[in-house]
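What follows is a short report on a single structure.
2 protein chains.
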Amino acid sequence: MTIKISRGRGRPRRFDPEQAVATAQRLFHAQGYDAVSVADVTDALGINPPSLYAAFGNKAGLYARVLNRYNSTNAIPLRDLLRPDRPVAECLASVLEEAARHYAADPVTSGCMVLEGTRSNDADARDAACALQAAAESMIRNYVASRHPEEAERVTDFVATIMAGLSTKARNGQDLDRLLAIADIASMALAEALGD
Amino acid sequence: MTIKISRGRGRPRRFDPEQAVATAQRLFHAQGYDAVSVADVTDALGINPPSLYAAFGNKAGLYARVLNRYNSTNAIPLRDLLRPDRPVAECLASVLEEAARHYAADPVTSGCMVLEGTRSNDADARDAACALQAAAESMIRNYVASRHPEEAERVTDFVATIMAGLSTKARNGQDLDRLLAIADIASMALAEALGD
DNA sequence: ATATTTTTATAGTCATTACTACAAAAGTCC
DNA sequence: GGACTTTTGTAGTAATGACTATAAAAATAT
Chain L
5 MTIKISRGRG RPRRFDPEQA VATAQRLFHA QGYDAVSVAD VTDALGINPP
55 SLYAAFGNKA GLYARVLNRY NSTNAIPLRD LLRPDRPVAE CLASVLEEAA
105 RHYAADPVTS GCMVLEGTRS NDADARDAAC ALQAAAESMI RNYVASRHPE
155 EAERVTDFVA TIMAGLSTKA RNGQDLDRLL AIADIASMAL AEALGD
Chain W
5 MTIKISRGRG RPRRFDPEQA VATAQRLFHA QGYDAVSVAD VTDALGINPP
55 SLYAAFGNKA GLYARVLNRY NSTNAIPLRD LLRPDRPVAE CLASVLEEAA
105 RHYAADPVTS GCMVLEGTRS NDADARDAAC ALQAAAESMI RNYVASRHPE
155 EAERVTDFVA TIMAGLSTKA RNGQDLDRLL AIADIASMAL AEALGD
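Protein chains in written order, with this note's numbering: chain L, 5 to 200; chain W, 5 to 200.
So this is what it looks like as structure tokens:
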């Protein structure tokens with residue numbers, strides 16, 4: 005029995021767009037933007053292509069919605085982790101640890117959906133993912149700069165590199181313990197670079 | 005005027021397979037396996053599809069030849085860098101530095117072709133790239149294990165993570181100086197983890 | 001010269017892609 | 001109940017993907 009959502013007059017939708025975005029998110033995260041066809045999504049939702057295009061415009065439009073959802077529900081909570089009352093190196097270490105945990109949490113949706121999305125061959129999808137990644141990197145850089153302006157660039161580059169590497173390793177099937185060990189070694193370097 | 009290579013009797017080839025592999029390597033390295041179509045390759049070579057299929061079997065067959073060529077001419081010379089007469093941390097640092105230099109050497113073919121190839125959506129291409137990557141990682145692990153058996157796994161994981169991250173950053177357009185700075189910070193962690 | 005061999009160019013096949021025209025269906029509003 | 005609105009299902013389109021059947025071309029062997 006399908007739940008019908010009313011949008012005023014007219015024939016009611018047979019699907020909930022929010023749920024559709026959630027389903028699409030699983031597919032895009034699991035397989036990547038390029039590897040997921042519109043047919044994959046419509047099949048998973050049990051709807052026909054026109055319904056999806058009416059709701060989201062096109063494949064990239066759906067992906068944009070998915071990225072927003074990911075960013076507000078599955079992303080690493082940088083705002084909470086980057087604390088002004090704790091050592092910078094310690095907070096960055098917690099970001100890396102949290103990254104390892106997120107990326108290995110579910111083996112079918114391993115890695116970071118945004119970081120993986122920046123490698124798409126579709127320009128629209130790639131740009132959308134790159135924008136989110138740039139925003140996250142800016143946030144880290146600003147945080148480091150507020151306390152260690154000289155080191156902000158290189159430390160941020162290093163953290164971003166580790167996160168990209170962790171996402172890759174997670175998609176390669178590396179288990180949580182090994183990802184955490186990698187994050188630990190990286191955190192030693194951060195402590196040394198920022199003074200502990 | 006085209007150079008014709010004789011292969012015994014029969015109509016001569018209009019193209020040199022070695023040169024074809026070199027041209028295909030540029031394309032695959034620049035755009036990735038999935039984004040390069042067979043038509044892209046045949047257009048670049050000025051030949052027709054049947055000629056390419058006669059010489060290489062299929063797209064994945066051509067890619068296998070390209071990977072071999074890359075591995076024997078463009079790869080990081082691990083065998084020379086991993087020296088038994090130098091501190092392990094120092095040698096691994098030189099591997100990371102060399103990686104940074106290789107990945108940023110040419111902006112149109114940035115990053116590591118093997119590491120990027122492991123992300124292909126084509127199973128054959130991905131498996132071929134993964135095999136080479138696994139071999140390189142084994143070489144590093146064996147080297148570390150010969151001197152620091154307890155640390156071999158985590159240190160190798162860390163080095164592999166940094167290399168994957170550096171390749172990503174290089175493809176993102178990061179310049180050589182910043183890649184080298186990242187490699188430097190990572191090397192500090194290696195020195196600490198392995199005892200300097 | 002003629003037969004044989006190998007590669008070529010032409011012109012396709014077939015599957016899959018993102019996306020859509022159109023009319024029937026299924027509601028709401030008066 | 002009838003006009004109106006919105007979504008649905010059917011059945012496409014056009015482009016592009018990897019790959020190939022076929023016969024002519026261009027060489028060598030005898």
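Ideal Cβ positions, reconstructed from N, Cα and C, are used throughout, including at glycine.
As assigned by DSSP and simplified to three states, the class of residue i
{"i": "W/R30", "result": "helix"}
{"i": "L/R17", "result": "strand"}
{"i": "L/C116", "result": "coil"}
{"i": "W/L180", "result": "helix"}
{"i": "L/D44", "result": "helix"}
{"i": "W/G199", "result": "coil"}
{"i": "W/L86", "result": "coil"}
{"i": "W/I80", "result": "coil"}
{"i": "W/M5", "result": "Low local confidence applies: a pLDDT of 39 at W/M5 is under 50, so the model's placement there is unreliable, with the coordinate-based value given in what follows. DSSP places W/M5 in coil when its eight states are reduced to three."}
{"i": "W/T122", "result": "coil"}
{"i": "W/P54", "result": "helix"}
{"i": "L/A127", "result": "helix"}
{"i": "W/D38", "result": "coil"}
{"i": "L/N62", "result": "coil"}
Candidates the options: closest to residue i by CA position
{"i": "L/E141", "options": "L/F162, L/G121, L/D131 and L/R151", "result": "L/F162"}
{"i": "L/A139", "options": "L/R83, L/N176, L/S114 and L/R175", "result": "L/R83"}
{"i": "L/F19", "options": "L/A97, L/Y57 and L/H33", "result": "L/Y57"}
{"i": "L/N52", "options": "L/S76, L/G36, L/A24 and L/R30", "result": "L/A24"}
{"i": "L/D131", "options": "L/A68, L/R151, L/V159 and L/E157", "result": "L/A68"}
{"i": "L/L180", "options": "L/R13, L/A103, L/F32 and L/S55", "result": "L/A103"}
{"i": "W/A164", "options": "W/M143, W/R11 and W/N176", "result": "W/M143"}
{"i": "L/S114", "options": "L/G177, L/Y147 and L/S191", "result": "L/G177"}
{"i": "W/C134", "options": "L/T172, L/S150 and L/R11", "result": "L/T172"}
{"i": "W/E22", "options": "W/A64, W/S150 and W/F60", "result": "W/F60"}
Contact under 8 angstroms by Cβ, residue i with residue j
{"i": "W/A197", "j": "L/I186", "result": "no"}
{"i": "W/L86", "j": "W/V118", "result": "no"}
{"i": "W/V126", "j": "W/D44", "result": "The amino acid at residue 126 of chain W is misidentified as Val; the sequence shows Asp. No, the Cβ-Cβ distance between W/D126 and W/D44 is not below 8 angstroms."}
{"i": "L/L183", "j": "L/A108", "result": "yes"}
{"i": "L/A79", "j": "W/G169", "result": "no"}
{"i": "W/V99", "j": "W/H152", "result": "no"}
{"i": "L/G36", "j": "L/E120", "result": "yes"}
{"i": "W/Y74", "j": "W/Q29", "result": "yes"}
{"i": "L/T77", "j": "L/A48", "result": "no"}
{"i": "W/V64", "j": "W/D128", "result": "Per the sequence shown, the amino acid found at residue 64 of chain W is Ala instead of Val. Result yes, Cβ atoms of W/A64 and W/D128 sit closer than 8 angstroms."}
Any non-hydrogen atom of the ligand FMN closer than 7 angstroms to residue i Cβ
{"i": "W/R145", "result": "Ligands displayed in this structure: none; no statement on the ligand FMN is therefore possible."}
Terminal residues of the alpha helix (DSSP H) in which residue i lies
{"i": "L/E154", "result": "From DSSP, L/E154 is part of no alpha helix (DSSP H); its letter is neither H nor E."}
{"i": "L/R105", "result": "V92 to A108"}
| message | Please identify, using Cβ separations under 8 angstroms, the residues of the region 121-135 of chain L that lie next to chain W, in order along the chain. | response | Residues of the region 121-135 of chain L with a C-beta atom less than 8 angstroms from some C-beta of chain W are T122, R123 and N125, listed in chain order.
| said: Can you pull out the residues from the region 51-79 of chain L whose beta carbon lies closer than 7 angstroms to at least one beta carbon of chain W? | reply: When C-beta distances to chain W are compared with 7 angstroms, every residue of the region 51-79 of chain L stays at or above that value.
| Between the region 159-170 of chain L and chain W, which residues of the former have a C-beta closer than 9 angstroms to a C-beta of the latter? | Correct list: V159, D161, F162, A164, T165, I166, M167, A168, G169 and L170.
| Chain-ordered residues of the region 180-196 of chain W with a beta carbon less than 7 angstroms from chain L | Correct list: R182, A185, I186, I189, A190, M192, A193 and E196.
| task | Could you run through the region 21-42 of chain L and flag, in chain order, every residue whose CB is less than 9 angstroms away from some CB of chain W? | result | Here the close residues are Q35, G36, D38 and A39.
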